[in-house]
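Numbering (our numbering), first residue to last: 3 to 219.
Don't be surprised by glycine CBs; every beta carbon is placed ideally from N, CA and C.
Taking it in order: structure first as structure tokens, then the write-up.
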DNA sequence: AAGTTGCA
DNA sequence: GAAC
């Protein structure tokens, strides 16, 4: 059984949900049209393909990742970092598509973060069973800019914790077109994703794609 | 450890 | 979900 805590008496579904100070979900945010979205994703992955990276502990991440923008997030046995050159093709990351930049900026503005200028967009592909353990985004140089996370394709349960790893996370179901923005007092909150359930999405098939915009430098 | 499990 |  499920209970929607935000269901209103008037029957109008709220389009935004607060997750605490500096954090909110924007439901059904305006996305680029399907052809533009898929074409932008294809352009990125043609140049910098999805790959399963390794953590410093030597474990293979279940999520397949790539990036666009000036900086891309990478991990290997030596640690986490932002890199200007994609180590797979040994070329700079693909340019951030204008439609992605505009999406990120408008979502940030809607959530109260004006003048967001991301220089990095991590593109995460979740296949059945893929997950992301609770973690903080703390490899960026400063934390004044928010994180903007766009959900595409299959639904997933997003875990949104507190500033400490032990804080019990909220569980937020995210579907295609939902955007989560967190910054300011929420910037270092732990977050993660539960294992993806199997399914099919009209545009993205058996996958969930997550675009995570940040200012790395 | 953005991980897995000699767990519970 | 806790522990590591």
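Short Cβ contact (8 angstroms threshold) for residue i with residue j
| i | j | result |
| --- | --- | --- |
| residue 152 | residue 206 | no |
| residue 136 | residue 163 | yes |
| residue 71 | residue 100 | no |
| residue 218 | residue 84 | yes |
Cα-Cα separation, residue i to residue j
| i | j | result |
| --- | --- | --- |
| residue 200 | residue 131 | 8 angstroms |
| residue 188 | residue 80 | 28 angstroms |
| residue 7 | residue 174 | Confidence at residue 7 is low in this model, with a pLDDT of 37, below 50, so its placement is unreliable and the value that follows should be read with caution. Roughly 11 angstroms between the two C-alpha positions. |
| residue 208 | residue 142 | 31 angstroms |
| residue 196 | residue 161 | 7 angstroms |
| residue 179 | residue 92 | 32 angstroms |
| residue 9 | residue 49 | For residue 9, the pLDDT reaches just 40, beneath the cut-off of 50, and the residue's location in the model is therefore unreliable, although a value from the coordinates is still provided. Each residue's Cα considered, the two are about 43 angstroms apart. |
| residue 171 | residue 191 | 10 angstroms |
Opposing strand residues paired with residue i [DSSP bridges]
| i | result |
| --- | --- |
| residue 213 | 125, 152 |
| residue 66 | 127 |
| residue 18 | 28 |
| residue 52 | None, per the DSSP bridge assignment. |
| residue 176 | 158 |
| residue 166 | Answer is none; residue 166 lacks a bridge partner. |
Nearest-angstrom beta carbon gap, residue j and residue i [assumed within contact, 8 angstroms]
| i | j | result |
| --- | --- | --- |
| residue 150 | residue 183 | 5 angstroms |
| residue 181 | residue 61 | Not quite, the Cβ-Cβ distance comes to about 29 angstroms (not below 8 angstroms), so this is no contact. |
| residue 27 | residue 33 | That belief does not hold up - the Cβ atoms of residue 27 and residue 33 are roughly 15 angstroms apart, past 8 angstroms. |
N- and C-terminal bounds of the beta strand (DSSP E) containing residue i
| i | result |
| --- | --- |
| residue 134 | 134-137 |
| residue 144 | Note, residue 144: premise wrong, no beta strand (DSSP E); not H, not E. |
| residue 74 | 74-78 |
| residue 83 | 81-85 |
| residue 181 | 181-184 |
For residue i, the first and last residue of its enclosing alpha helix (DSSP H)
| i | result |
| --- | --- |
| residue 97 | Unbroken run through residue 97: none, as it is neither H nor E. |
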